[in-house]
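Presented below is the structure to which this report refers.
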Amino acid sequence: MRPTSASESIATPNRRFTVIPADSVHARLEALFRAYGAKVQSLLLTYGLDKHGIDPADVEQEVRIRLWRALERDRSGAFSASYIQRVVASTVIDALRRAEVRAAEPLPDEDDESGSLGEAPIGPERRAGDSEHMQGLARCLAEIPERRRLPITLHLQGFALQEIADLAGIPSAEAARKLVSRGLEELKIRLREMGYGEFDE
Amino acid sequence: MNKMSLSSLYRRLTAYNAASALAAADLADAADGTLATDRRDSVAQVLASSPVQADITHLLRDLKSDSETLAADVIRTNRETAHRRSQREVRRVAASRRFGGVSRWIAVAACLVAVVGAWTLRSSQVRPDAMSTHSRTVAHADRIFTSRDEIFGVGMESASTQHGQNVRHEGDHLFRGAFGGG
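So the sequences go chain by chain: R and B.
In terms of this note's numbering, the first sequence has 66 at position 66, counting the first letter as 1, and numbering is strictly consecutive.
To get this note's numbering, take the position in the second sequence, counting from 1, and add 201.
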């Protein structure tokens, strides 16, 4: 059987013209959505969101379905990047909510993994030590003024300086950097003074 | 001795936090850096205390350029499709015009044939009528002549037969009266 192409040329005795199959546009959009979905799936794995009980393949498929629906609903409408971002966000949130509902029935194999994003399995001794350190960290953070605490905690959650500036309403990334570095130093000193040892960022 | 990672410890500390779930729009805006001022503080607090929502924001941030590319590609594909569709429409209109031109000429020729046919048929039917009309005209002329004769005849007749008859023409009366008086 002859492979079908997106478009093919047909020669007649009088003229030569190109026939564009009706589904070529559909195939092109499908390819775009598929490539985008693959990126979404890889990022879900990168950020360890699959550890929260969601299946990256399911989320990817759901994103593609929602984007198709949006496109079919309004083909002439503005298919903006921000709209696509919202579709991804809502799909991931919905998947996490469904996973939470499923998690109401605990799975025996996963109970020691939850909550440790990208971390190695934690043994009982380390868990006890961690618990102690976490309490110390929480106490030290509570003592730091609010103005510095928010940039520090955002930094500890992995946000970049510009993002911290945008989120915390700090005038510039440089100002955020100063607040973060001073805050972290203060936090480390406090933890050391309280006997929790040395910490890295 | 190995130093402990502060960020790792903090993420474990906040992993079980019951932070309120942010709306998709807030997460997208946070990733985009376009969060409204009135939403900024509350969203920042949630992101600072929820590793999952912070990770979704990071994911969206990393996905931003791909989303922009996808949006541009989809718009371009739709535009090209619309352009191709309009070209097809133009071709169809042109083809219908060509076909319309031919059919118009066929219609004109058919009308012409019909007119000529009708005229031929009519002319063949009209000839005997024309003959009868001619003869009728001739007869009518004769009658006029005859009527003149009659008028003339009436005048003569009224002159000869004077009593017991209705005279039809005034002129004849006067003519007759004048003769009577004389």
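The C-beta atom is built at its ideal place from N, Cα and C for all residues, glycine as well.
What does residue i touch in chain B if you count any residue whose Cβ is under 7 Å from its own?
| i | result |
| --- | --- |
| R:LYS39 | LEU264, ASP267 |
| R:ALA168 | ALA245 |
| R:LEU43 | LEU260, ASP263, LEU264 |
| R:SER172 | Within 7 Å Cβ-Cβ: nothing; R:SER172 doesn't reach chain B, min ~13 Å. |
| R:ARG75 | ASN279 |
| R:VAL25 | THR278, THR282 |
So, is residue i buried or exposed, given that buried needs 16 or more other C-beta atoms within 10 angstroms?
| i | result |
| --- | --- |
| R:PRO145 | exposed |
| B:TYR217 | exposed |
| B:THR321 | exposed |
| R:GLY169 | exposed |
| B:ALA249 | buried |
| R:SER42 | exposed |
| R:GLU198 | exposed |
| R:GLN157 | buried |
| R:ALA57 | exposed |
| B:SER324 | exposed |
| R:ASP74 | exposed |
| R:PRO217 | Here chain R comprises residues numbered 1 to 201, so residue 217 of chain R is not present and cannot be evaluated. |
| R:HIS26 | exposed |
| R:ARG64 | buried |
| B:LYS204 | exposed |
| R:GLU62 | buried |
| R:CYS140 | buried |
| B:THR238 | exposed |
Please list, in chain order, the chain B residues whose beta carbon lies closer than 8 Å to that of residue i.
| i | result |
| --- | --- |
| R:MET134 | LEU210, ARG213, LEU214 |
| R:LEU137 | LEU207, LEU210, TYR211, LEU214 |
| R:ASP130 | LEU210, ARG213 |
Using a cut-off of 7 Å between C-beta atoms, extract the partners of residue i located in chain R.
| i | result |
| --- | --- |
| B:ASP239 | Those do not exist, as B:ASP239 stays about 11 Å from chain R at its closest Cβ, beyond 7 Å. |
| B:LEU261 | GLN85, VAL88, ALA89 |
| B:LEU271 | LEU32, TYR36, ILE84 |
Quick one: which chain R residues come within Cβ less than 9 Å of residue i?
| i | result |
| --- | --- |
| B:ALA219 | Simply none; closest approach about 11 Å. |
| B:SER250 | THR153, GLN157 |
| B:ALA222 | ILE93, LEU96, ARG97 |
Contact criterion: CB-CB distance below 7 Å. Does residue i meet it with respect to chain R?
| i | result |
| --- | --- |
| B:SER206 | yes |
| B:ILE386 | Outside the displayed span of chain B (202 to 383) sits residue 386 of chain B, for which this structure offers no information. |
| B:ALA226 | yes |
| B:ALA229 | yes |
| B:VAL303 | no |
| B:VAL316 | no |
| B:VAL275 | yes |
Does the beta carbon of residue i sit closer than 7 Å to a beta carbon anywhere in chain B?
| i | result |
| --- | --- |
| R:GLN157 | yes |
| R:ILE144 | no |
| R:GLU201 | yes |
| R:ILE93 | yes |
| R:GLU100 | no |
| R:GLU60 | no |
| R:LEU150 | yes |
| R:ARG28 | yes |
| R:GLU198 | yes |
| R:ARG190 | no |
| R:ALA175 | no |
| R:ILE181 | Looking at the sequence shown, residue 181 of chain R is not Ile but Ser. No, R:SER181 lies away from the interface with chain B (no Cβ there is under 7 Å from its Cβ). |
| R:ALA81 | yes |
Give the secondary structure of residue i by DSSP, where H, G and I count as helix, E and B as strand, and everything else as coil.
| i | result |
| --- | --- |
| B:SER206 | strand |
| R:ASP200 | strand |
| R:ARG102 | helix |
| B:SER221 | coil |
| R:GLY48 | coil |
| R:ARG149 | helix |
| R:SER131 | helix |
| R:GLY37 | helix |
Which chain R residues sit within Cβ distance under 8 Å of residue i?
| i | result |
| --- | --- |
| B:GLY234 | GLN162, GLU163, ASP166 |
Contact between the stretch 178-196 of chain R and the stretch 244-262 of chain B is defined here as three or more beta-carbon pairs at a separation below 8 Å; is this criterion met? no
Flag this pair as touching only if the stretch 82-99 of chain R and the stretch 224-241 of chain B have three or more C-beta atom pairs under 8 Å; answer yes or no. Short answer: they touch.
So, do the stretch 64-73 of chain R and the stretch 232-247 of chain B have three or more beta carbon pairs nearer to each other than 8 Å? no
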